[in-house]
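Beneath this line is the structure, given in structure tokens, with notes to follow.
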């Protein structure tokens, strides 16, 4: 059985073409474990955009957005635009996932639930994606890059994006 190795801080870079300019996004995938609660805020310092992600097949992941991540972001990143992203959207139609969830008396998080949560946490937008099938990933990064470029233009500094 594979061993789970928790993320502490992973840093990725990607370039997004906005037409008039090429924007480099610095993406920080932060640790979610409580052991890193005191370190994680250090990664927020230069964020221009916050992307909070949840797994559509995990009710706990969805609930943590409102009870844990959004309050933390509001505390440490006042005024920074937030986007809520539903990940693994392909699992809504995956037979094995649906069976496992049904066994526990659960269902995948719906699009409507995601939209309602985005509204409650005052996110600038809500999107869904599937890394497995490459669905909507470009849209997520393009939207984040456009928003970050607007923030960066106002601040005159480099663009950073934090993933939760």
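In the working numbering, the protein residues as written are 2 to 165. For glycine and all other residues, C-beta sits at the position ideal for the given N, C-alpha and C. Computed from a predicted structure; not experimentally measured.
| Query | Result |
| --- | --- |
| If I measure Cβ to Cβ from residue 63 and keep anything under 6 Å in the same chain, skipping five residues before and after, which residues do I get? | 55, 110 |
| Looking at C-alpha atoms only, which residue of 89, 148, 112, 12 is the closest neighbour of residue 81? | 148 |
| Compute the distance between the beta-carbons of residue 93 and residue 57, then report whether it is under 8 Å. | yes |
| Per DSSP, residue 98 is paired with what? | None; residue 98 has no bridge partner. |
| Taking the runs of the beta strand (DSSP E) that are 3 residues or longer, which of them lie wholly in the region 18 to 46? | 23 to 31 |
| Could you give the residue range of the alpha helix (DSSP H) that holds residue 115? | 112 to 121 |
| Measuring straight from C-alpha to C-alpha, what distance separates residue 123 and residue 71? | 9 Å |
| Roughly how many angstroms separate the alpha carbons of residue 27 and residue 14, rounded to a whole number? | 5 Å |
| Span of the alpha helix (DSSP H) holding residue 71? | 71 to 77 |
| So, at 6 Å on beta carbons, what are the nonlocal neighbours of residue 18 in its own chain, with the 5 sequence-adjacent residues on each side left out? | none |
| Let me know the secondary structure DSSP gives residue 93 once reduced to three states. | helix |
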